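Read the structure below first, then the notes.
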Amino acid sequence: IQLTQSPSLLSASVGDRVTLSCKGSQNINNYLAWYQQKLGEAPKLLIYKTNSLQTGIPSRFSGSGSGTDYTLTISSLHSEDLATYYCYQYNNGLTFGSGTKLEIK
Amino acid sequence: EVQLQQSGPEVGRPGSSVKISCKASGYTFTDYVMNWVKQSPGQGLEWIGWIDPEYGSTDYAEKFKKKATLTADTSSSTAYIQLSSLTSEDTATYFCARDSGSPYYVMDAWGQGASVTVSS
């Protein structure tokens, strides 16, 4: 399964509501996770099984979707959310999306 | 606290091999599958493969079947990846990442990454 993330680059202001998209080439059956990777760091798990928040992750992060289309939403952007975000499917093989780089205006 | 401590940066000559380690602590090593992920400079994440430390069973992405060999030493709770026949395409950071297991099977803990530079 191939994953297409959009946009590849997103610039937003602190306090904005931000939506990142991930589309699969086939049905993912909700086996979709989101990772955050800050510059020079390892990826961090944010969301698993489409909408389950990993322990310790702020509640401003949420996930939704079904079938082939999934979304990560940050309800109110914080400056520390500057990072690249990857979606990841584990329904059929293991695949990462190409990433969305989130910049702070 | 789950921790995955990876070995330091490696420099390898073209055609040679390198071996990276990932020492696990804070959990029972044999209870969880270990994944390996590649990140080329400025690029995204690629899954290389996984190893089940309890049984030594492995699975690899097709692209890495002839490139990577995954092993594990249960006595030291350490997973290894060996990269062979190095080329410039292997210059990257390599992460180990624990699989959370049933029912979610996501990578829930990551090592800090180990850089490999292929240079003559």
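Read top to bottom, the protein sequences are chains A and B. According to this note's numbering, the stretch in the first sequence is residues 171 to 275, in order. According to this note's numbering, the stretch in the second sequence is residues 13 to 132, in order. From the three backbone atoms N, C-alpha and C, an ideal C-beta is built for every residue, glycine too. Please read all numbers here as calculations on a predicted model, not as lab measurements.
Residue i - containing beta strand (DSSP E), residue span
{"i": "B/Ser127", "result": "Ala126 to Val130"}
{"i": "A/Lys214", "result": "Lys214 to Tyr218"}
{"i": "A/Ile227", "result": "Careful: A/Ile227 lies outside any beta strand (DSSP E) and carries neither H nor E."}
{"i": "B/Gly61", "result": "Leu57 to Asp64"}
{"i": "A/Gln172", "result": "First-last for A/Gln172: undefined, no H or E at that position."}
{"i": "B/Ser37", "result": "Val30 to Ser37"}
{"i": "B/Thr70", "result": "Ser69 to Tyr72"}
{"i": "A/Gly194", "result": "Val188 to Gly194"}
{"i": "B/Val49", "result": "Met46 to Gln51"}
{"i": "A/Thr238", "result": "Element bounds for A/Thr238: n/a, residue is neither H nor E."}
{"i": "A/Thr270", "result": "Thr270 to Ile274"}
{"i": "B/Val23", "result": "Glu22 to Gly24"}
{"i": "A/Leu180", "result": "Leu179 to Ala182"}
{"i": "A/Tyr255", "result": "Ala253 to Gln259"}
{"i": "A/Tyr205", "result": "Leu202 to Gln207"}
{"i": "A/Leu264", "result": "That residue, A/Leu264, is in no beta strand (DSSP E); it is neither H nor E in DSSP."}
{"i": "B/Leu16", "result": "Gln15 to Gln18"}
Interface residues of chain B facing residue i [CB-CB closer than 9 angstroms]
{"i": "A/Phe266", "result": "Val49, Gly56, Leu57, Glu58 and Trp59"}
Residue-level contact to chain A via CB, residue i, 8 angstroms cutoff
{"i": "B/Tyr72", "result": "no"}
{"i": "B/Asp64", "result": "no"}
{"i": "B/Gly113", "result": "no"}
{"i": "B/Gln17", "result": "no"}
{"i": "B/Gly125", "result": "yes"}
Residue i at chain B interface by Cβ criterion, 8 angstroms
{"i": "A/Leu215", "result": "yes"}
{"i": "A/Tyr256", "result": "yes"}
{"i": "A/Ala203", "result": "yes"}
Cβ-Cβ separation, residue j to residue i (assumed contact under 8 angstroms), whole Å
{"i": "A/Ser191", "j": "A/Glu273", "result": "The Cβ separation is near 17 angstroms, so there is no contact."}
{"i": "B/Val23", "j": "B/Ser131", "result": "6 angstroms"}
{"i": "B/Gly123", "j": "B/Leu16", "result": "4 angstroms"}
{"i": "A/Val188", "j": "A/Ser249", "result": "Contact flag wrong, Cβ pair sits at about 13 angstroms."}
{"i": "B/Val128", "j": "B/Asp102", "result": "6 angstroms"}
{"i": "B/Pro53", "j": "B/Ala104", "result": "7 angstroms"}
Contact set between residue i and chain A, taken where Cβ atoms lie within less than 9 angstroms
{"i": "B/Phe107", "result": "Ala212 and Pro213"}
Within chain B, the residues that residue i reaches when beta carbons sit closer than 7 angstroms
{"i": "A/Gly269", "result": "Gly56"}
{"i": "A/Tyr260", "result": "Tyr117 and Val118"}
{"i": "A/Tyr218", "result": "Tyr116 and Val118"}
Within the region 74 to 120 of chain B, note down every full alpha helix (DSSP H) run reaching 4 residues or more, in order along the chain.
-> none
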